[in-house]
Amino acid sequence: MDTIPTTMNDTIDSRKEVSIDTSRRDQWGRPVDQRTLNAEIRQAISGGAERIIISGVMGQRYIASAATAKGLYIGIRGTPGNDLGAFMDGPTVEVFGNAQDMTGNTMSSGRIIIHGNAWDVTGLAARGGRILVKGSSGTRVGIHMKAFGCDSPSIVIGGRTGDYLGEYMAGGTVLVLGSGVPEEGSPVGTFVGAGMHGGVIYVRGMVEEHQLGTGAKLSPMDEGDRKAVDELLTDFERSFDLPADRDWSEYRKIVPLSSRPFRGRFDPTMVWP
Amino acid sequence: MTKDRPHVMIYHGDEGMRCEGQNRMDANGYPQLPSYGAARPPGLTSMMGGCGIAGTMDVTGRKVCGEVIARMLTTMNERENGLGAGYSAYGLFPEALKDHYCLQFFFDNEEAMCRVEEHLKDRGDIIKEEKVPTHHVPSVRPPYPLVWRYFFQPDPLSRSYLVRGLSPDECVVDLVMGINGAIPNAMCVSSGKDMAVFKGNGYSYEIAKLYDLGSYSAQMWLSHSRFPTNTPGWWAGAHPISLLDWSVCHNGEITSYGVNRKLVEMNGYRCSLLTDTEVVTYLWDLLVRRHGLPPQVAAFALAPRYHDQIERMDPQSRMLAEQLRTTYKEAFLNGPFSILVGRSQPEITMIAMADRKKLRPLLFGQSTDGRRLFAASEECAVRIVEEDAETWVGDPGSPMIATVGKGLVRKGTEEPFKGAFE
Chain A
1 MDTIPTTMND
11 TIDSRKEVSI
21 DTSRRDQWGR
31 PVDQRTLNAE
41 IRQAISGGAE
51 RIIISGVMGQ
61 RYIASAATAK
71 GLYIGIRGTP
81 GNDLGAFMDG
91 PTVEVFGNAQ
101 DMTGNTMSSG
111 RIIIHGNAWD
121 VTGLAARGGR
131 ILVKGSSGTR
141 VGIHMKAFGC
151 DSPSIVIGGR
161 TGDYLGEYMA
171 GGTVLVLGSG
181 VPEEGSPVGT
191 FVGAGMHGGV
201 IYVRGMVEEH
211 QLGTGAKLSP
221 MDEGDRKAVD
231 ELLTDFERSF
241 DLPADRDWSE
251 YRKIVPLSSR
261 PFRGRFDPTM
271 VWP
Chain B
274 MTKDRPHVMI
284 YHGDEGMRCE
294 GQNRMDANGY
304 PQLPSYGAAR
314 PPGLTSMMGG
324 CGIAGTMDVT
334 GRKVCGEVIA
344 RMLTTMNERE
354 NGLGAGYSAY
364 GLFPEALKDH
374 YCLQFFFDNE
384 EAMCRVEEHL
394 KDRGDIIKEE
404 KVPTHHVPSV
414 RPPYPLVWRY
424 FFQPDPLSRS
434 YLVRGLSPDE
444 CVVDLVMGIN
454 GAIPNAMCVS
464 SGKDMAVFKG
474 NGYSYEIAKL
484 YDLGSYSAQM
494 WLSHSRFPTN
504 TPGWWAGAHP
514 ISLLDWSVCH
524 NGEITSYGVN
534 RKLVEMNGYR
544 CSLLTDTEVV
554 TYLWDLLVRR
564 HGLPPQVAAF
574 ALAPRYHDQI
584 ERMDPQSRML
594 AEQLRTTYKE
604 AFLNGPFSIL
614 VGRSQPEITM
624 IAMADRKKLR
634 PLLFGQSTDG
644 RRLFAASEEC
654 AVRIVEEDAE
664 TWVGDPGSPM
674 IATVGKGLVR
684 KGTEEPFKGA
694 FE
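Protein sequences appear in the order of chains A and B. Heads up: the first sequence begins at 1 in the working numbering, then just goes up one per residue. Heads up: the second sequence begins at 274 in the working numbering, then just goes up one per residue.
The following block contains the structure:
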């Protein structure tokens, strides 16, 4: 594998800012390999960097994966590849562009802020932390999310999402704001919350009964929900400098039918009602 | 043999087989693959990935240089492991040749080539023939088959076809099936009008260099880099898999292959490429060219909606959906896939879709002036050639369709039968 040296300029800034430029291409026109870039990032982190600015990113996977430095900020210009911030535990990642699939895969804590769209399977299996997406997302947002102890993941999508939103969700919060979705349309697809047994999904806009998957139900918003959504909206507004709508009649809440939606289906000792 | 034909381009497979431990034959006389116990088989150092697909077209009919598609595909280098890559080009031949079928072949030896030529001459006229220019790329492992191209007009009145009353397209299908199934060491890799497939067993950048894609320009390009999981990596098994002007690039697997194969075989196609993708190609030919379904209707037959979703459709769509699910139940492609499909007749068309659960990645893009369209596994493939493109993702099972002339016909987020009843 050809490796291209990326340039790395340690500044003597007190905040220890490191810039990594990945805009070079190899003899075949290919971007810098993800292993090279991720080695540079890990080297910067172990060198005590507090801010890492990466420019010219073009599809490199696993950026900031398994990074654990609390207080670390990673800014990305370009298009980061799949599994951005996978297993991340602590840092803040901000992307000025679109992210690809599986952003925040199984992350434990930290923040991922996308000033664009984050495509399919955003925030799958997240255990904690927050993902904020200014634009839209694709299918399978927030599937398999879990909350444990005081860790509870949350995802805010500014635009719309596709099918299977919050499928098999076990904990945490997803908020879809439906910006840009026509009034007669729905900001979410079908099979919403299929098989979910924990957590909550809030949607601003229309959600019809047939869009829900097995095991999910619509439920009225109460004061606690409004408080939780308000906190997420405030974070969204601050992150993107955008006003958010607080007309609570526009919001729908989707929760699991029970904590064990498939009870009886796989248990031979149960009598099927 | 005739004319200025290069003599030594054939690598004799026998020598390759003589490396250690591989010269044992099984009871049927086939070479035995090595077997391993607790020791890890050597050579499997590649990271696991999935295939990469990328396509682009200019809807105004301007030509796009082959370097563009090569950059799109090679950018997704995590998605390939060097066991196959390929490109199909549409709208690349000059006016004088674009109405002839362009048959491109891989030949392993001259005997195979002679047999194919005899086969062709019995069934039509060879208008022109030429070697497809290839460069030696040292990193591509041998064997290197000869790549040869015939511009061909089938003769429906020839002895083989007269009594069967075949149309020229059907003559070519019959010809390709016959050659691929029956003539050893010869494989027809593309057979359409105004299109050609450039593929081989190597990394995407190697195959681009091998065919010198930069020297071609075409109105539409589809491409595929392979990460074979179930079937061997070999030259003819690389994607795009093509028949007539159809070519299909496929990421994923067709778990319903057995059922689909029975349907296409009952309709006269012969599966000879050891890969599930070829049934997808034959299904598009069967459903759209032969049965006349509009592309979005054929896409529904391949990736139908669920029955409870069909129940909520308007009456006209519901009836069509139920008829499709009944009539074409053997065409239903089960399993995860995203595919790029191209055709040149009657107009150059790109169809890009994922399975009905969207278990494989697919993203669409359009340049800000609306002229260039993209479909790819990953966004970086679009961004590297069009920094400001607008990108979006489609709904599961819903095709993006674009043609030269009409532009973007479907974005992949519409109702399934939009435009089908007009």
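Note that the Cβ used here is the ideal one computed from N, Cα and C, for glycine as well.
Would you say residue i lies against chain B (beta-carbon separation less than 8 angstroms)?
i	result
Met-58 of chain A	yes
Asn-98 of chain A	yes
Thr-3 of chain A	Per-residue confidence for Thr-3 of chain A stands at a pLDDT of 44, beneath the threshold of 50, marking its modelled position as unreliable; no derived number is given.
Trp-119 of chain A	yes
Asp-21 of chain A	no
Arg-289 of chain A	Any question about residue 289 of chain A goes unanswered here, given that chain A covers just 1 to 273.
Arg-61 of chain A	yes
Thr-79 of chain A	yes
Thr-36 of chain A	no
Pro-261 of chain A	no
Gly-189 of chain A	yes
Thr-234 of chain A	no
Gly-159 of chain A	no
Thr-122 of chain A	no
Asp-101 of chain A	yes
Taking 8 angstroms as the cut-off, decide whether the C-beta atoms of residue i and residue j are in contact.
i	j	result
Gly-97 of chain A	Arg-77 of chain A	yes
Gly-59 of chain A	Pro-91 of chain A	no
Val-188 of chain A	Arg-160 of chain A	yes
Arg-543 of chain B	Met-450 of chain B	yes
Leu-636 of chain B	Thr-664 of chain B	yes
Val-532 of chain B	Glu-603 of chain B	yes
Asp-558 of chain B	Leu-517 of chain B	yes
Ser-490 of chain B	Leu-365 of chain B	yes
Arg-585 of chain B	His-210 of chain A	yes
His-512 of chain B	Gly-339 of chain B	no
Gly-172 of chain A	Lys-146 of chain A	yes
Ala-627 of chain B	Gly-670 of chain B	yes
Phe-500 of chain B	Glu-651 of chain B	no
Glu-167 of chain A	Arg-140 of chain A	yes
Just to confirm the assignment, what range does the beta strand (DSSP E) spanning residue i have?
i	result
Glu-403 of chain B	397-404
Phe-191 of chain A	Phe-191 of chain A -> no beta strand (DSSP E), and no H or E assigned at all.
Met-330 of chain B	325-331
Tyr-202 of chain A	198-204
Ile-155 of chain A	154-157
Arg-645 of chain B	645-649
Pro-427 of chain B	419-427
So that I know if they touch, is there some Cβ in chain A lying closer than 8 angstroms to that of residue i?
i	result
Lys-691 of chain B	no
Cys-653 of chain B	yes
Gln-295 of chain B	Residue confidence is low: Gln-295 of chain B scores 49 on pLDDT, short of 50, so the model does not pin down where it sits. Its coordinate-derived value is still stated next. Output row for Gln-295 of chain B: interface = no.
Leu-636 of chain B	yes
Leu-681 of chain B	no
Gly-678 of chain B	no
Arg-396 of chain B	no
Val-666 of chain B	yes
Ile-612 of chain B	no
Arg-585 of chain B	yes
Met-493 of chain B	no
Glu-688 of chain B	no
Following the continuous alpha helix (DSSP H) through residue i, name the residue where it begins and the one where it ends.
i	result
Ser-412 of chain B	Where Ser-412 of chain B is concerned, there is no enclosing alpha helix (DSSP H), given that its DSSP letter is neither H nor E.
Tyr-530 of chain B	530-539
Val-341 of chain B	339-348
Val-446 of chain B	441-455
Trp-28 of chain A	Here Trp-28 of chain A belongs to no alpha helix (DSSP H), and DSSP marks it neither H nor E.
Ile-45 of chain A	34-46
List the whole-angstrom C-beta distance separating residue i from residue j, where the pair is believed to meet the contact cut-off of C-beta under 8 angstroms.
i	j	result
Ala-64 of chain A	Leu-84 of chain A	7 angstroms
Cys-522 of chain B	Leu-613 of chain B	4 angstroms
Ala-625 of chain B	Ala-327 of chain B	10 angstroms between Cβ atoms; not a contact.
Taking the beta carbon of residue i as the centre, do at least 16 other beta carbons fall within 10 Å, making it buried, or is it exposed?
i	result
Val-436 of chain B	exposed
Trp-508 of chain B	buried
Leu-536 of chain B	buried
Gly-294 of chain B	Summary for Gly-294 of chain B: the model assigns pLDDT 45, below 50, so the residue's position carries little reliability; its value from the coordinates is reported in the next sentence. The residue in question, Gly-294 of chain B, is exposed, as its Cβ has fewer than 16 Cβ neighbours within 10 Å.
Arg-396 of chain B	buried
Ser-154 of chain A	buried
Met-592 of chain B	exposed
Asp-331 of chain B	buried
Phe-694 of chain B	exposed
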